[in-house]
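Novice: Provided herewith is a single structure, encoded as structure tokens, for subsequent inquiry.
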Amino acid sequence: MKKILTIALSIFLIFTLAACTGTVQNTNESGSAEPPVHIVYSDNFGFTKNEMTYLYQYVYDQGASYLTLMGLDPQTSLKEQAYDENQSWFDYLMDQAIYYAEDFLIFCEEAKKRGIQLDENDLSNVSAEIASIQDDAKNAGYKTADEYLKAIYGSNLTIAEYESFITKTTLAYKAYAVILSDIEISEDEIEAYYLDNANQLSVIDYLVYQFKGGHDSDMSTALALEKAELLGLAVTEAEFHEAVKKMDAELTIEDIEYNSIPYDENDAFLTWAFSEDAKVGATYVSSNLDDGIFTVYMLKKQPYRDESILVEDILTQQVYETLYADMLLNYYVTIQYERINEIEG
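With positions in the sequence shown counted from 1, the corresponding number in the numbering used here is that position plus 100.
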């Protein structure tokens with residue numbers, strides 16, 4: 101599930117940065133066409149060295165403030181600064197860039213397989229982004245968009261490569277969205293999942309009050325336990341609250357009630373509260389003799405469904421995870437690490 105969320109995030113991040121019907125040829129601004137040389141590629145799509153430099157720079161920029169806090173020197177090559185004993189910071193950040201690139205290529209391949217193509221609106225958005233870059237270059241005083249891209253991204257990325265990059269990522273995102281939208285979860289599946297995971301999908305409401313005894317308290321441990329046991333005899337919320345008010349008149353019902361508390365198998369009270377034995381109005385006394393702390397709970401509401409947890413989303417992610425695993429098996433991505441290492445870091 102974590103992998104799936106990362107995929108969505110990686111695609112989303114690129115679209116916050118910039119924004120395939122096939123491989124796009126690089127065309128420099130003099131008009132000559134050159135076939136792209138991909139250093140990370142799948143069967144039908146790929147990224148050039150300049151595109152990978154751009155993606156690496158993006159990953160670096162996203163973590164720049166964090167990297168500074170980690171003690172990195174921006175004036176020294178990241179290839180010369182160790183992330184751990186096995187790799188440099190350049191290696192670490194480039195791994196993230198490659199990870200994103202692999203996702204994009206896999207989704208582009210899936211788009212090709214499913215016949216997913218960019219429509220007029222998609223292509224219009226790509227064109228608008230290119231026009232925006234060209235306007236920015238002109239307004240900044242650069243003769244060409246290529247010069248502008250080199251200045252802001254520190255690579256030889258051309259406007260044609262930039263267009264190719266956002267075209268591929270747009271297609272990848274579209275494939276991702278189509279795959280998600282095609283997943284259908286039935287009401288029966290939702291109900292079955294809830295029944296199988298009732299505790300994890302439920303919450304409870306309860307009242308609680310704590311007594312402290314011992315040398316650092318105004319009562320002995322024995323007296324604190326006695327008071328806790330007496331409070332534990334309450335059978336209604338009103339009785340519980342009234343008993344608490346006699347000990348602390350300023351406490352309101354809101355001060356001692358906790359609502360929508362999730363299940364925790366490591367918590368003795370919550371384990372009891374979510375069991376069939378626990379009934380509304382029943383009390384539970386937790387004793388910590390070593391610290392002289394005695395906590396009295398009253399179950400206010402039995403386990404009920406936590407509406408903030410959307411079972412349909414959970415099941416959708418599970419189906420999606422299976423689909424993505426199949427995509428990893430179906431599409432192979434080649435990485436030319438010797439060319440990757442040529443990128444300045």
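Every residue, glycine too, gets a C-beta built ideally from N, C-alpha and C. These numbers come from a predicted model, not from an experiment.
Cβ-heavy atom distance between residue 228 and the ligand NAP below 7 Å?
Specialist: The model depicted lacks the ligand NAP and carries no ligand whatsoever.
Novice: Helix, strand or coil for residue 130? Go by DSSP, reduced to three states.
Specialist: Caution is warranted here: a pLDDT of 40 is assigned to residue 130, below 50, making its placement in the model unreliable, and no coordinate value can be reported.
Novice: When DSSP labels each residue in this structure, what does residue 374 get in the three-state scheme?
Specialist: Correct three-state label for residue 374: coil.
Novice: Going by DSSP, name the residue or residues bridged to residue 303.
Specialist: Per DSSP, 362, 404.
Novice: Taking C-alpha atoms, which residue in 271, 380, 178 lies nearest to residue 216?
Specialist: Looking at the Cα atoms, 271 is the closest of the given residues.
Novice: Among 350, 193, 243, 329, which residue has its Cα nearest to the Cα of residue 162?
Specialist: If we check each option's Cα against that of residue 162, 193 comes out closest.
Novice: Is it true that the stretch 405-414 meets the stretch 326-337, where meeting means three or more beta-carbon pairs spaced less than 8 Å apart?
Specialist: The stretch 405-414 vs the stretch 326-337: no contact.
Novice: If you measure between the beta carbons of residue 398 and residue 311, is that distance less than 8 Å?
Specialist: Against a cut-off of 8 Å, the Cβ pair of residue 311 and residue 398 comes out as no contact.
Novice: Can you list, in chain order, the residues of its chain with a C-beta nearer than 8 Å to that of residue 434? Leave out the 5 residues immediately preceding and following it.
Specialist: Excluding sequence neighbours, residue 434 sits near 140, 141, 142.
Novice: For residue 405, which option in 322, 344, 354, 304 has the closest C-alpha, if you only look at C-alpha atoms?
Specialist: Of the listed residues, the one whose Cα sits closest to residue 405 is 304.
Novice: Please report the distance separating the alpha-carbon of residue 234 from that of residue 174.
Specialist: Answer to the nearest angstrom: the Cα atoms are 29 Å apart.
Novice: Could you give the distance in angstroms between the alpha-carbon of residue 179 and the alpha-carbon of residue 263?
Specialist: Distance between the alpha carbons of residue 179 and residue 263: 29 Å.
Novice: Counting C-beta neighbours from all protein chains within 10 Å, is the total for residue 431 16 or more, i.e. buried, or is it exposed?
Specialist: Its Cβ being crowded by 16 or more others within 10 Å, residue 431 is buried.
Novice: Give every residue of the same chain whose Cβ lies closer than 8 Å to the Cβ of residue 290, excluding the five residues on either side of it in the sequence, and list them in chain order.
Specialist: Once the five neighbours on either side are set aside, the close Cβ partners of residue 290 are 411, 412, 415.
Novice: Kindly indicate the opening and closing residues of the beta strand (DSSP E) around residue 150.
Specialist: Taken as a continuous stretch (DSSP letters only), residue 150 belongs to no beta strand (DSSP E), being part of the alpha helix (DSSP H) at 149-162.
Novice: My output table needs one value for residue 395: the three-state DSSP class, helix, strand or coil.
Specialist: The answer is strand: DSSP assigns residue 395 an E or B state.
Novice: Check residue 187 in the structure and name its three-state DSSP category.
Specialist: Looking at residue 187 - three-state DSSP - the assignment turns out to be coil, as it is neither helix nor strand.
Novice: In the DSSP assignment, find the beta strand (DSSP E) that holds residue 409 and state where it starts and stops.
Specialist: Taken as a continuous stretch (DSSP letters only), residue 409 belongs to no beta strand (DSSP E), as it is neither H nor E.
Novice: Mind checking residue 122: buried by the 16 CB within 10 Å criterion, or exposed?
Specialist: A caution first: residue 122 carries a pLDDT of 34, below 50, which makes its placement in the model unreliable, though a value can still be read off. Classification for residue 122: exposed.
Novice: Give me the residue from 394, 429, 259 with the minimum Cα distance to residue 228.
Specialist: Out of 394, 429, 259, 259 has the C-alpha closest to the C-alpha of residue 228.
Novice: Locate the beta strand (DSSP E) running through residue 388, then write down its first and last residues.
Specialist: 383-388 is the extent of the beta strand (DSSP E) around residue 388.
Novice: CB-CB under 7 Å to residue 336, same chain, minus the five flanking residues each way: which ones, in chain order?
Specialist: Hits under 7 Å: 381.
Novice: Indicate whether residue 420 and residue 283 have their beta-carbon atoms separated by less than 8 Å.
Specialist: In this structure, residue 283 lies closer than 8 Å to residue 420 by Cβ.
Novice: Determine contact between the stretch 146-161 and the stretch 183-197, defined as no fewer than three beta-carbon pairs at a distance below 8 Å.
Specialist: In short, these stretches touch, since the Cβ pair count reaches three.
Novice: Which residue from 441, 443, 427 puts its Cα closest to that of residue 276?
Specialist: The candidate whose alpha carbon is nearest that of residue 276 is 427.
Novice: Just the C-alpha distance for residue 349 and residue 355, rounded to the nearest angstrom, thanks.
Specialist: Their Cα atoms are separated by approximately 11 Å.
Novice: Counting along the chain, where does the alpha helix (DSSP H) carrying residue 344 start and finish?
Specialist: Per DSSP, residue 344 belongs to the alpha helix (DSSP H) from 337-347.
Novice: Does DSSP put residue 309 in a helix, in a strand, or in coil?
Specialist: Reduced to three states, the DSSP call for residue 309 is strand.
Novice: Looking at residue 363 and residue 306, is the spacing between their C-beta atoms short of 8 Å?
Specialist: No, they are not a contact pair.
Novice: What are the complete alpha helix (DSSP H) segments, minimum 4 residues, inside the stretch 251-296?
Specialist: For the stretch 251-296, whole alpha helix (DSSP H) runs of length 4 or above, ordered along the chain, are 259-282, 287-296.
Novice: By Cβ distance, which residues of its chain are closer than 7 Å to residue 418, with the 5 residues on each side in sequence left out?
Specialist: Excluding positions up to five away in sequence, the list is empty.
Novice: Cβ atoms of residue 385 and residue 374: under 8 Å apart, would you say?
Specialist: No, Cβ-Cβ distance for residue 374 and residue 385 is not below 8 Å.
Novice: Using the beta-carbon count (16 or more within 10 Å), is residue 203 buried or exposed?
Specialist: Classification for residue 203: buried.
Novice: Assuming residue 301 contacts residue 309 under a Cβ cut-off of 8 Å, what Cβ separation, rounded to an integer in Å, is found between them?
Specialist: Rounded, the Cβ-Cβ distance is 28 Å, inconsistent with contact.
Novice: Cα-Cα, which of 344, 351, 198, 176 is closest to residue 436?
Specialist: It is 198.
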